[in-house]
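J.:
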Amino acid sequence: MIHITDLHKTFGKNQVLKGIDLDIDPGKIYAILGPNGSGKTTLIKCILGMVIPSKGTIEVLGKPIKNGWRYRKEIDYLPQIANFPGNLKVNELIEMIKDLRNAPGQEDELIRIFDLEPHLEKKMANLSGGTKQKVNLILAFMFNSQLLILDEPNTGLDPRALIKLKKLLNKHRGKGKTLLITSHVMQFVEEVADEVIYILEGKIYFKGTTSELKKETGQIDMEHAVAELMKSEIHGEST
Amino acid sequence: MGKVLKYSFYDLIRSRWSYIYLLFYLALGFVLLFLNSDLSKAVITLMNIIIVLVPLIATIFGTMYFYNSKEFTELLLAQPIKRSDIFLGQYFGVAGSLSLSLVLGLGIPFMAYGLLRSGAVFNFSLLLGIGVFLTLIFTALAFNIAISNENKIKGFGYAVLLWLFMAVIYDGIFLLSLILFEEYPLDTFSIIATALNPIDLSRTLILLKLDISALMGYTGAIFKKFFGTHWGFWISIFVLILWAGLPILRLRYKSIRKDF
Amino acid sequence: MIKKGVASIVFFLWACSWQISAHTVVVCKTCPVDSVKKGIAIAQASDTVLIQKGTYPEYDIYIDKPLTLKGENYPVIDGQEKGEIIKITSDHVTVDGLFIINVGVSYTTDHAAIRVIKSEQFTIQNNVLERLFFGIYLEKSSHGKVYHNKIIGEAKDEYNSGNGIQLWYSHYVEVSHNHVQGTRDGIYLEFSDHITIQRNTSTKNLRYGLHFMFSDNDVYTQNTFEENGAGVAVMFSRNIKMYDNTFKKNWGPSAYGMLLKEINDAEIVNNTFEENTIAINIEGSNRIRYKDNDFIKNGWAIRVIGACYTNTFSGNNFMNNSFDVSYNGKLNDNQFKSNYWDNYTGYDLDRNGIGDVPYRPVKLFSYIANKTPETIILLRSLFMDIIDFSEKVSPIFTPDNLMDAEPLMKKRQ
Numbered sequence: 001m002i003h004i005t006d007l008h009k010t011f012g013k014n015q016v017l018k019g020i021d022l023d024i025d026p027g028k029i030y031a032i033l034g035p036n037g038s039g040k041t042t043l044i045k046c047i048l049g050m051v052i053p054s055k056g057t058i059e060v061l062g063k064p065i066k067n068g069w070r071y072r073k074e075i076d077y078l079p080q081i082a083n084f085p086g087n088l089k090v091n092e093l094i095e096m097i098k099d100l101r102n103a104p105g106q107e108d109e110l111i112r113i114f115d116l117e118p119h120l121e122k123k124m125a126n127l128s129g130g131t132k133q134k135v136n137l138i139l140a141f142m143f144n145s146q147l148l149i150l151d152e153p154n155t156g157l158d159p160r161a162l163i164k165l166k167k168l169l170n171k172h173r174g175k176g177k178t179l180l181i182t183s184h185v186m187q188f189v190e191e192v193a194d195e196v197i198y199i200l201e202g203k204i205y206f207k208g209t210t211s212e213l214k215k216e217t218g219q220i221d222m223e224h225a226v227a228e229l230m231k232s233e234i235h236g237e238s239t
Numbered sequence: 240m241g242k243v244l245k246y247s248f249y250d251l252i253r254s255r256w257s258y259i260y261l262l263f264y265l266a267l268g269f270v271l272l273f274l275n276s277d278l279s280k281a282v283i284t285l286m287n288i289i290i291v292l293v294p295l296i297a298t299i300f301g302t303m304y305f306y307n308s309k310e311f312t313e314l315l316l317a318q319p320i321k322r323s324d325i326f327l328g329q330y331f332g333v334a335g336s337l338s339l340s341l342v343l344g345l346g347i348p349f350m351a352y353g354l355l356r357s358g359a360v361f362n363f364s365l366l367l368g369i370g371v372f373l374t375l376i377f378t379a380l381a382f383n384i385a386i387s388n389e390n391k392i393k394g395f396g397y398a399v400l401l402w403l404f405m406a407v408i409y410d411g412i413f414l415l416s417l418i419l420f421e422e423y424p425l426d427t428f429s430i431i432a433t434a435l436n437p438i439d440l441s442r443t444l445i446l447l448k449l450d451i452s453a454l455m456g457y458t459g460a461i462f463k464k465f466f467g468t469h470w471g472f473w474i475s476i477f478v479l480i481l482w483a484g485l486p487i488l489r490l491r492y493k494s495i496r497k498d499f
Numbered sequence: 500m501i502k503k504g505v506a507s508i509v510f511f512l513w514a515c516s517w518q519i520s521a522h523t524v525v526v527c528k529t530c531p532v533d534s535v536k537k538g539i540a541i542a543q544a545s546d547t548v549l550i551q552k553g554t555y556p557e558y559d560i561y562i563d564k565p566l567t568l569k570g571e572n573y574p575v576i577d578g579q580e581k582g583e584i585i586k587i588t589s590d591h592v593t594v595d596g597l598f599i600i601n602v603g604v605s606y607t608t609d610h611a612a613i614r615v616i617k618s619e620q621f622t623i624q625n626n627v628l629e630r631l632f633f634g635i636y637l638e639k640s641s642h643g644k645v646y647h648n649k650i651i652g653e654a655k656d657e658y659n660s661g662n663g664i665q666l667w668y669s670h671y672v673e674v675s676h677n678h679v680q681g682t683r684d685g686i687y688l689e690f691s692d693h694i695t696i697q698r699n700t701s702t703k704n705l706r707y708g709l710h711f712m713f714s715d716n717d718v719y720t721q722n723t724f725e726e727n728g729a730g731v732a733v734m735f736s737r738n739i740k741m742y743d744n745t746f747k748k749n750w751g752p753s754a755y756g757m758l759l760k761e762i763n764d765a766e767i768v769n770n771t772f773e774e775n776t777i778a779i780n781i782e783g784s785n786r787i788r789y790k791d792n793d794f795i796k797n798g799w800a801i802r803v804i805g806a807c808y809t810n811t812f813s814g815n816n817f818m819n820n821s822f823d824v825s826y827n828g829k830l831n832d833n834q835f836k837s838n839y840w841d842n843y844t845g846y847d848l849d850r851n852g853i854g855d856v857p858y859r860p861v862k863l864f865s866y867i868a869n870k871t872p873e874t875i876i877l878l879r880s881l882f883m884d885i886i887d888f889s890e891k892v893s894p895i896f897t898p899d900n901l902m903d904a905e906p907l908m909k910k911r912q
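Protein chains in written order, with our numbering: chain A, 1 to 239; chain B, 240 to 499; chain C, 500 to 912.
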């Protein structure tokens, strides 16, 4: 699905990615974890083509993505911060994205799931954070792309919506899609993710299933397992 | 690019700034014509305003739009759209809506006061044409500044500075060098220095149609030969196109390489 | 004695009436008299020589007795570029209705189509002059009339072209209703006083439309001067009255609507200056009254060079000029009063039609442009406006007493 070799990225003097090799297989949910500033979002943006790698190659569906843009038809992306042009109404935004992608979308079902009907005629600028995030989710899920990249999908959602999101994720995995998720809520990750990719200082520190992670760190839940990983990071730095 | 342009334009047309801009020009046009019903006089006064205000508004509005549409840009970047199309689309959306406000805002009052029946039609069209050119040029420069500066405040600062330089400081330096080197032949220097600043070039182009007597009277044959002929006119237009084209090319270049 | 006297008066009257019923000599190509020269030769004093339609290849035609030379349907006198064509040396001569062409160009003699020498009471009218060197040349001839002639030259260079109508040491002449174009100077006056120039049109001449040199007490009214090399020049003359003329489109480097040089006691009233590079250029001229003139769309309306004294400017309209007034010296005792300035931004609280704050017509930019002409390229730039504004607030370079204390709020109709 995605094949990354020796990926480097430097912003000015700041080296963010220091040689990432990664293979993402289809049909699974991957959770990308790591402390703040470890390079999670940069990695995602590299895959999306929003950040241009300094070195290394990324292949999506068997083709290198350098300077390309058509491959993004196969990716649905949920950005971390749900900011949209404030002048547009919700349904206008949905129509616009459909028009821009030149693809039909299954938004009706999603609108129902997230109870957005009363908000369709409102302008984006007037929506609450949680509602914005719901719109964000609709835009990401309404197309039937092979690859879904979700940057912090659970921010701002109430428990009801969160349960619906989890259902949605499982449904899409069931369709054989590949999902890349970042999140800070370990419980959420534990519930949905098949595999965990832990990034530390621009390198992949751990890659494996959640049970493998727990086994390796000797912890019983994800939260402690990841905390353990972070501890070793601090430990690693001090040596 | 077409779709991005469509949505940027659509977005702008509905923003209140476009209306303020449009209303400003409408008011300006009507007030000018109300104060002096002499159409050619109004065209001259209008020129002063267009030469100064259009670049200022294009610069500020261009930078503002670029920074404010960051979310829209990021949304678009994740879509299967060519990168350069995203920025060129937004650019033409902004420049297009500004130009439309200008042409409508000034066109309507002048039409209402019987422009078509007067001899000032050509001067007026030239004025609007140059206004559109200045909008294209300064919006492009503003986008260039904004795309090269992450920091909003810094970007705004540079944009205003650019306007100040082009509209005022440049002419001050120009004047000083003319006075300092008055013993030397200055015709060629003047022509080149004029062409290097789009505001000066636009002003000269309009002046040639309005104040030709003053310009022709005092300056040497080269001057008259250059700006006074069709050849000079088209060269000037070409330079204006260059002034708009080069920043657009740089914008395209930058947009392909920038990280978001 | 008385009877004898009466008889002699009767005889005299009889003789006069005989003279009045003068003969007419007809000239035509098929007549016994087939040339103008022959016609003049056989004509008696006060006869009319009637020249019928045809082409007469003649030059050096001398008229040395009082005659009327009249053309019927514009006969052509073709000088074949061999020299002067008609030369008048007698009083009471009329030349009327001729089509005179091909005057010889010479670098040593000023050949003219019609020359009048030391004669009085002449009338030159209704003639058409083409392909000429000098047109009508009055030399020490007074009390005559040059009326309704059309002079069309094709002058290319100043050194080998002549003037349309030239007056040299001639006084009390009326020049009116003529059309002069394409010559060096349209109308040229040198040492000629008490001349009236009226309703002429002088256009597209190489140098000046009208040119005065050392000529006093002349009047010119209701003339139109358009697209001449340098407009109208009035030099070294006194008491010239200039009324109701139109000066238009005299464009180009060193072109003026009107150039005044060493002129004293003149009156310039009710003229229109439109689209000239410099409407009036004034050099060393004193006691001139500029009143009720219109200055429209000129580069400079009034440009004053050198010392000028006791000039008054009042009731003039200044509209759409790039610069209204330019001064390169002191104001002296010249006065601007009650003019209309379209750039005036003052107010009139007591509503008496006169602005309550004075208007200062001189801009710093016009001062700079006088010193460094190339700076004109910065005309109407924001920078210049700022500079002009600061100079307006606190004058440093321009005479601070140059102002119109009573500017009109509305233009004089």
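Don't be surprised by glycine CBs; every beta carbon is placed ideally from N, CA and C.
Under 6 Å Cβ to Cβ from Glu59(A), same chain only, skipping five residues before and after it: list those, please.
T.: Residue 59(A) sits at position 59 when you count from the first residue of the first sequence. Only His3 meet the Cβ criterion.
J.: CB-CB under 6 Å to Trp517(C), same chain, minus the five flanking residues each way: which ones, in chain order?
T.: Taking the third sequence and counting its residues from 1, the one referred to as residue 517(C) is at position 18. Reliability fails at Trp517(C), whose pLDDT of 46 lies under 50, so the model's placement of it is uncertain and the value that follows must be treated cautiously. Contacts found: none.
J.: Determine, using beta carbons only, whether Phe882(C) comes closer than 8 Å to chain B.
T.: Residue numbering aside, residue 882(C) sits at position 383 when the third sequence is read from its first letter. Interface residue, yes.
J.: Can you list, in chain order, the residues of its chain with a C-beta nearer than 8 Å to that of Phe300(B)? Leave out the 5 residues immediately preceding and following it.
T.: Position 61 of the second sequence, counting from 1, holds the residue named residue 300(B). Cβ within range, chain order: Trp256, Tyr260, Val333, Leu337, Thr378 and Ala381.
J.: What in chain B is Cβ-close to Arg879(C), meaning under 9 Å?
T.: For the purposes of this step, residue 879(C) is taken as residue 380 along the third sequence, with counting starting at 1. Near Arg879(C) (Cβ distances below 9 Å), the residues of chain B are Ile283, Met286, Asn287, Ile290, Arg442, Ile445, Leu446, Leu449 and Asp450.
J.: For Ile320(B), which residues in chain A fall below 9 Å Cβ to Cβ?
T.: The sequence position of residue 320(B) within the second sequence is 81, counting from 1. Result: Trp69, Arg72, Leu100 and Arg101.
J.: Please determine whether the Cβ atom of Val282(B) lies at a distance below 7 Å from any heavy atom of the ligand ZN.
T.: No copy of the ligand ZN occurs in the structure displayed, which carries no ligand at all.
J.: Does DSSP classify Pro565(C) as helix, strand or coil?
T.: The residue you call residue 565(C) lines up with position 66 of the third sequence. In the structure shown, Pro565(C) sits in coil (DSSP, three-state: anything other than H, G, I, E or B).
J.: For Pro64(A), which beta-bridge partners are listed by DSSP?
T.: The count along the first sequence starts at 1 and reaches residue 64(A) at position 64. Pro64(A) pairs with Glu59(A).
J.: Have a look at Thr622(C), Gly663(C) and Gln624(C) and flag the residue whose alpha-carbon is nearest the alpha-carbon of Gly634(C).
T.: Against the third sequence, residue 634(C) aligns to sequence position 135. The option with the nearest alpha carbon to Gly634(C) is Gly663(C).
J.: Within 8 Å (strictly less), CB to CB, does Thr51(A) reach chain B?
T.: Position 51 of the first sequence, counting from 1, holds the residue named residue 51(A). Reading the sequence as shown, one finds Val at residue 51(A) and not Thr. Answer yes: the Cβ-Cβ gap between Val51(A) and chain B drops below 8 Å somewhere.
J.: Closest to Phe882(C) by CA distance: which of Tyr423(B), Gly484(B) and Tyr409(B) is it?
T.: In the third sequence, the residue the question calls residue 882(C) occupies position 383. With distances taken between Cα atoms, Phe882(C) lies closest to Tyr409(B).
J.: For Asp684(C), which of helix, strand or coil comes out of DSSP?
T.: On the third sequence, residue 684(C) is found 185 positions in, with the first residue counted as 1. Coil, per DSSP.
J.: According to a CB-to-CB cut-off of less than 9 Å, which residues of the stretch 890 to 912 of chain C neighbour chain B?
T.: Cβ contacts with chain B come from no residue of the stretch 890 to 912 of chain C.
J.: For Lys309(B) and Lys391(B), what's the separation of their Cα atoms in angstroms?
T.: To locate residue 309(B), count along the second sequence from 1; it is residue 70. To locate residue 391(B), count along the second sequence from 1; it is residue 152. The alpha-carbon atoms of Lys309(B) and Lys391(B) are separated by roughly 11 Å.
J.: Where DSSP assigns a beta bridge to Arg788(C), which residues make up the other side?
T.: Your numbering for residue 788(C) matches position 289 in the third sequence. In DSSP, Arg788(C) forms a bridge with Glu766(C) and Thr811(C).
J.: Can you give the Cα-Cα distance for Gly68(A) and Gly130(A), rounded to whole angstroms?
T.: Reading the first sequence from its first residue, position 68 is the one you call residue 68(A). Reading the first sequence from its first residue, position 130 is the one you call residue 130(A). If you take the alpha carbons of Gly68(A) and Gly130(A), they lie about 33 Å apart.
J.: Select from Asn820(C), Tyr846(C), Tyr808(C) and Tyr866(C) the residue whose C-alpha is nearest the C-alpha of Tyr826(C).
T.: Taking the third sequence and counting its residues from 1, the one referred to as residue 826(C) is at position 327. Selected option, being the one with the closest Cα: Tyr866(C).
J.: Can you pull the chain A neighbours of Lys391(B), defined as C-beta to C-beta under 8 Å?
T.: Taking the first residue of the second sequence as position 1, residue 391(B) is located at position 152. Per Cβ cutoff of 8 Å: no residues; Lys391(B) is ~15 Å from chain A at best.
J.: Does any residue of chain B have a CB that is nearer than 8 Å to the CB of Glu782(C)?
T.: By 1-based counting over the third sequence, the position of residue 782(C) is 283. Chain B contact via Cβ: absent.
J.: Within the same chain, show all residues whose beta-carbon is closer than 6 Å to that of Thr567(C), passing over the 5 residues directly before and after it, in chain order.
T.: Sequence index remark: in the third sequence, residue 567(C) carries index 68 (1-based). Counting only Cβ-Cβ distances below 6 Å, and skipping sequence neighbours, we find Thr547 and Thr593.
J.: Check the Cβ-Cβ distances between Glu725(C) and every residue of chain B, and say whether any is below 8 Å.
T.: To locate residue 725(C), count along the third sequence from 1; it is residue 226. So no, Glu725(C) is outside the interface.
J.: Who are the neighbours of Leu316(B) on chain A, taking C-beta pairs under 8 Å?
T.: Looking up residue 316(B) in the second sequence gives position 77. In chain order: Leu48, Gly49 and Met50.
J.: On the premise that Ile584(C) lies in contact with Ile613(C), defined as a C-beta separation below 8 Å, what is that separation, rounded to the nearest angstrom?
T.: The sequence position of residue 613(C) within the third sequence is 114, counting from 1. The sequence position of residue 584(C) within the third sequence is 85, counting from 1. The Cβ separation is near 7 Å, so the contact holds.
J.: Less than 8 Å between the CB atoms is what I'm expecting for Ile47(A) and Ile149(A), so what's the real figure, rounded?
T.: Reading the first sequence from its first residue, position 47 is the one you call residue 47(A). Reading the first sequence from its first residue, position 149 is the one you call residue 149(A). Rounded, the Cβ-Cβ distance is 7 Å, consistent with contact.
J.: Just to confirm the assignment: which complete alpha helix (DSSP H) runs, minimum length 4, are found wholly within the stretch 106 to 171 of chain A?
T.: For the stretch 106 to 171 of chain A, whole alpha helix (DSSP H) runs of length 4 or above, ordered along the chain, are 107 to 113 and 129 to 141.
J.: How would you write the range of the beta strand (DSSP E) that Ile2(A) sits in, first residue to last?
T.: Translated into the one-based positions of the first sequence, residue 2(A) becomes position 2. That run of the beta strand (DSSP E) goes Ile2 to Phe11.
J.: By the 10 Å Cβ neighbour count, where 16 or more other Cβ atoms means buried, how is Pro921(C) classified, buried or exposed?
T.: Examination of residue 921(C) is not possible in this model, given that chain C is present from 500 through 912 alone.
J.: Out of Thr178(A), Met124(A) and Glu195(A), which has the shortest C-alpha to C-alpha gap to Leu61(A)?
T.: Translated into positions along the first sequence, residue 61(A) becomes position 61. Out of Thr178(A), Met124(A) and Glu195(A), Thr178(A) has the C-alpha closest to the C-alpha of Leu61(A).
J.: Determine which residues share a DSSP beta bridge with Trp799(C) and list them.
T.: Looking up residue 799(C) in the third sequence gives position 300. The partner list for Trp799(C) (beta bridge, DSSP) reads Ile777(C) and Phe822(C).
J.: Per DSSP, which residues does Thr593(C) bridge with? Please list them.
T.: For the purposes of this step, residue 593(C) is identified with residue 94 of the third sequence, where counting begins at 1. Answer by DSSP bridge pairing, in chain order: Thr567(C) and Thr622(C).
J.: Output the boundary residues of the beta strand (DSSP E) element that contains Leu22(A).
T.: The residue you call residue 22(A) lines up with position 22 of the first sequence. Per DSSP, Leu22(A) belongs to the beta strand (DSSP E) from Asn14 to Ile24.
J.: Using 8 Å as the limit for Cβ to Cβ distance, is Arg253(B) near chain A?
T.: Along the second sequence, read from residue 1 onward, the residue named residue 253(B) stands at position 14. It does; some Cβ of chain A falls within 8 Å.
J.: Kindly provide the ranges of any alpha helix (DSSP H) runs that are 4 or more residues long and lie completely inside the stretch 242 to 279 of chain B, ordered along the chain.
T.: If we require 4 residues or more, the alpha helix (DSSP H) runs fully inside the stretch 242 to 279 of chain B come out as 255 to 274.
J.: Reducing DSSP to helix, strand and coil, say where Glu782(C) ends up.
T.: Translated into positions along the third sequence, residue 782(C) becomes position 283. Glu782(C): strand per DSSP, three-state reduction.
J.: Between the C-alpha atoms of Ile283(B) and Ile290(B), what's the straight-line distance to the nearest angstrom?
T.: Counting from one through the second sequence, the residue named residue 283(B) turns up at place 44. Counting from one through the second sequence, the residue named residue 290(B) turns up at place 51. So the two alpha carbons sit approximately 11 Å from each other.
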